[in-house]
Amino acid sequence: MNKADSLKLADSLEKLGYAQAQSPEDADIVVCNSCVVRQSAENRVASKLGALKAIKKSNPDALIALMGCMVGPEFHELHRHFPHVDMFMSPQQFGPLLDLASKRISNAAAVDYVPTEVPPATFVPIIHGCNNFCTYCIVPYRRGREISRPIVDVVDEVRSMIERGAKEVTLLGQNVDSYGHDLLEKPDLADLLTTLNDVDGLQRIRFLTSHPKDMSDRLIETIAKLDKVCRHISLPFQAGDDDILAAMHRSYTIDQFRQLIGRIRKVMPNVAISTDLIVGFPGETDAQFEKSYQLLEELKFDMVHVAMYSPRAGTVAAKDMVDDVMPEAKKERLDRVEVLQEKIETDINTRLLDSTVKVLVEGNKKGRWYGRTATDKLVFFDDSRNLLGQTVEIKITKTSPWSLQGTLV
Ligand code: SAM
Ligand code: SF4
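Just so you know, we're using the working numbering here: the sequence shown kicks off at 2 and counts up by one.
Laid out in structure tokens, this is it:
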């Protein structure tokens with residue numbers, strides 16, 4: 002979501018006549034886009050902001066702005082800590098920065114706006130904010146309540162992305178399954194996917210993140226039916242124990258989650274499913290963690306994003322619950338999940354050996370082309386031609402838990 006927000010702001014600045022600088026030291030405007038989902042992310046932002054102090058010192062006219070989830074409704078404290086930052090903007094509140102930027106640019110300096118190319122695989126937000134208030138999560142406090150974008154807006158943006166070189170879009174939202182409930186005609190994600198499937202030039206459609214309480218059978222059937230929609234679903238379970246799930250305010254039980262995975266795999270046997278999991282939520286006992294571990298063993302996800310619980314000021318968990326799982330225990334649980342998951346992903350990927358997969362080529366790293374399959378597997382291969390943006394067939398010759406390698410068919 003932050004990537005999409007940054008691209009949108011950059012585009013708006015380019016429309017005013019600004020051009021991308023080679024480094025922050027050369028820039029008239031430096032915007033730091035922040036994530037505070039965990040303390041570790043917040044620490045990274047703080048150290049980046051610290052580094053920008055030198056830039057402000059050597060170029061006092063540079064405009065330094067902080068945007069994103071680090072900026073809450075009150076930012077006096079932030080201002081006290083980072084006095085060299087000129088402007089604080091909540092997520093997507095670009096208005097004041099654009100006003101100032103437009104006043105500052107002189108006609109002589111302005112560069113003609115030529116729409117820049119976008120990557121073959123790009124992002125399009127479809128619903129902003131979140132209404133769920135999971136007790137550990139800061140997002141609803143910083144990104145506000147859910148606001149869906151009308152289907153026509155999304156289609157317009159997707160068309161313009163295609164004109165600028167995109168072949169694949171990932172539709173973004175904290176909970177894409179609740180897309181449309183706030184719009185007049187109450188379309189849902191299935192309606193949006195169906196409309197986008199007919200857009201010329203668009204080759205692949207992805208969407209994330211889904212919420213287990215909101216993923217409907219109609220949506221599952223629609224994904225299975227539409228040829229451009231990738232068979233890849235991001236479905237966080239967060240914890241394997243019902244009491245912990247209730248304390249997290251996730252609104253489903255593990256049995257309901259298991260049944261949902263069963264329904265998805267019945268309709269789409271080759272679907273890839275990734276998930277998110279928090280270890281060391283307040284009160285999580287060893288036995289409760291074991292249930293998360295066993296669920297991973299049982300359901301065998303294609304990818305797991307695992308994080309140690311990190312209290313976020315202002316959330317219900319930080320206010321009303323004790324962060325009582327020791328850091329060493331959290332780390333041990335995290336390490337066990339990572340070791341298990343490496344083994345599971347090794348097994349899943351080994352099965353792809355000698356098969357031929359379709360890959361949308363997204364870039365070149367150290368002379369090797371890379372791209373993804375519809376099931377979100379990263380694939381590397383060699384070829385001397387420029388294949389950027391093309392969909393190619395690759396025969397898989399080597400696998401690892403994190404990526405595949407192959408040769409062009
Ligand atoms: N909306 C998605 C969902 O429902 O899972 C994900 C959004 S959240 C910003 C991304 C991931 O960060 C979550 O899935 C969760 O696992 C993790 N996360 C959120 N708050 C956290 C916290 N306080 N401590 C550790 N991990 C957290
Ligand atoms: Fe956070 Fe829960 Fe909303 Fe995801 S669904 S953004 S975890 S509150």
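Here a beta-carbon is modelled for each residue, glycine too, at the ideal position from N, C-alpha and C.
Opposing strand residues paired with residue i [DSSP bridges]
i      : result
Ala273 : His233
Glu394 : Lys359
Met309 : Val280
Lys366 : Arg369
Lys399 : Gln406
Phe89  : Leu67
Gln239 : Leu278
Arg259 : Bridge partners of Arg259: none, in fact.
Ser149 : Ile128
Thr123 : Val170
Val380 : Gly372 and Leu405
Ser35  : Gly69
Met304 : Ser275
Nearest-angstrom Cβ-Cβ length linking residue i and residue j, presumed shorter than 8 Å
i      : j      : result
Lys359 : Thr374 : 6 Å
Arg144 : Cys131 : 6 Å
Gln23  : Ala11  : That belief does not hold up - the Cβ atoms of Gln23 and Ala11 are roughly 14 Å apart, past 8 Å.
Met2   : Leu173 : 5 Å
Leu220 : Asp178 : 7 Å
Phe381 : Ser404 : 6 Å
Ile245 : Ile262 : Contact flag wrong, Cβ pair sits at about 18 Å.
Ala63  : Val37  : Not really, about 24 Å apart at Cβ, beyond 8 Å.
Tyr180 : Pro213 : In fact, because the Cβ distance is near 16 Å, the residues do not count as touching under 8 Å.
Met90  : Leu79  : Not confirmed; about 11 Å, so no contact.
Gly166 : Glu118 : 4 Å
Phe95  : Ser35  : Phe95 to Ser35, Cβ: 14 Å. No contact.
Candidates the options: closest to residue i by CA position
i      : options                           : result
Arg251 : Ser211, Leu405 and Ala191         : Ser211
Ile234 : Leu246, Met269, Ile255 and Leu203 : Met269
Val103 : Tyr19, Pro121 and Gly181          : It is Ser, not Val, that sits at residue 103 in the sequence shown. Checked all of Tyr19, Pro121 and Gly181; the closest Cα to Ser103 is Tyr19.
Leu206 : Val317, Ile163, Ala308 and Asp324 : The sequence shown places Ile at residue 206, not Leu. Comparing Cα-Cα distances from Ile206 to each of Val317, Ile163, Ala308 and Asp324, the minimum goes to Ile163.
Ala42  : Tyr142, Pro312, Lys366 and Glu339 : Pro312
Glu1   : Asp324, Arg259, Asp157 and Leu190 : In this structure the chain extends from 2 to 410, so residue 1 is not present and cannot be described.
His129 : Val155, Val119, Val112 and Arg266 : Val155
Asp189 : Thr223, Asp157, Arg160 and Ser161 : Thr223
Pro237 : Ala5, Ala314 and Phe302           : Phe302
Ile349 : Val272, Leu296 and Ser35          : Val272
Phe432 : Lys332, Arg264, Gln257 and Ala314 : Nothing about residue 432 can be read from this structure; the chain reaches only from 2 to 410.
Leu53  : Leu8, Ser161 and Glu26            : Glu26
Leu300 : Glu329, Tyr310, Thr286 and Arg266 : Arg266
Gly202 : Glu186, Ser161 and Asp218         : Ser161
C-beta contact flag for residue i and residue j at 8 Å
i      : j      : result
Leu361 : Lys229 : no
Met249 : Cys135 : yes
Leu353 : Thr276 : no
Asn176 : Asn133 : yes
Met71  : Val46  : yes
Gly281 : Arg337 : no
His77  : Lys57  : no
Lys292 : Gly364 : no
Leu409 : Asp384 : yes
Thr196 : Phe124 : no
Met322 : Gly284 : yes
Pro126 : Ala319 : no
Val307 : Leu278 : yes
Val159 : Val200 : yes
Leu296 : Ile345 : no
heavy atom of the ligand COA below 7 Å from residue i C-beta
i      : result
Cys135 : By its list of ligands, the structure shown excludes the ligand COA, since it contains just the ligand SAM and the ligand SF4.
By C-beta, the residues closer than 6 Å to any heavy atom of the ligand SAM, given in chain order: Val38, Arg39, Tyr137, Cys138, Val140, Gln175, Asn176, Thr210, His212, Pro237, Gln239, Asp277, Ile279, Ala308, Tyr310, Ser311 and Arg313
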